[in-house]
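If you read the sequence shown in the working numbering, its first letter stands for residue 230, the second for the next number, and so on.
For glycine and all other residues, C-beta sits at the position ideal for the given N, C-alpha and C.
Okay, structure first, notes after.
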Amino acid sequence: MAAGARRAVYPLFQRGGPQLRIFRPNFFMVAVRPGVPQPEDTVQFRVSMEMTKLDIRNYLERIYNVPVAAVRTRIQYGANNKRNHRNQRVKKPDYKVAYVQLGQGQTFQFPNLFPEKEQDTETRSFDDFRDKYMEKEKQKEEGDPRRGGVPDWFGL
């Protein structure tokens, strides 16, 4: 090779000359039911620790077409109070929580996955019978109030 010649760098050959590829991020977002009541336009997510507020906003707006007004994040530290069989402390992993406020007029309601079923008369009558029986048993346990705390087995 000559002193001034350079080697040309070509892109790797791929069979079939594939078209444009779409790369999705290696992140996860899980909608979780909040422990305390939140406003109707706020959704709580458990997200990857590497995600930033901008990543969360872009993830929801570009992939799911959800309008986002604001994003707040916090890191929840894992509990460190358990011990294993060698009496060594065992720490649960930390995780990031994101509170996403939806755009103007948007609300989010968790679906009711397990609605209460209507009870038929047979099960309702059984529940009534069980409740009456338990009430009678409690009265027996309480004993006679005139005995002044002396148990029933101790005859007077």
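Which residue marks the beginning of the alpha helix (DSSP H) containing residue i, and which one marks its end?
i: residue 350; result: 350-371
i: residue 283; result: 282-287
For residue i, which beta-bridge partners are listed by DSSP?
i: residue 271; result: 330
i: residue 258; result: 276
i: residue 321; result: DSSP output for residue 321 lists no bridge partner at all.
From residue i to residue j, what does the alpha carbon distance come to, in whole angstroms?
i: residue 280; j: residue 306; result: 16 Å
i: residue 292; j: residue 312; result: 42 Å
i: residue 274; j: residue 261; result: 6 Å
i: residue 361; j: residue 367; result: 10 Å
i: residue 324; j: residue 276; result: 7 Å
Decide if residue i is buried, meaning its Cβ has at least 16 other Cβ atoms within 10 Å, or exposed.
i: residue 319; result: exposed
i: residue 259; result: exposed
i: residue 327; result: buried
According to DSSP, is residue i helix, strand or coil?
i: residue 293; result: coil
i: residue 303; result: strand
Using a Cβ-based criterion (distance less than 8 Å to any ligand heavy atom), does residue i qualify as near the ligand ADP?
i: residue 343; result: Absence of the ligand ADP from the depicted structure is noted, as is the absence of any ligand whatsoever, leaving it without description.
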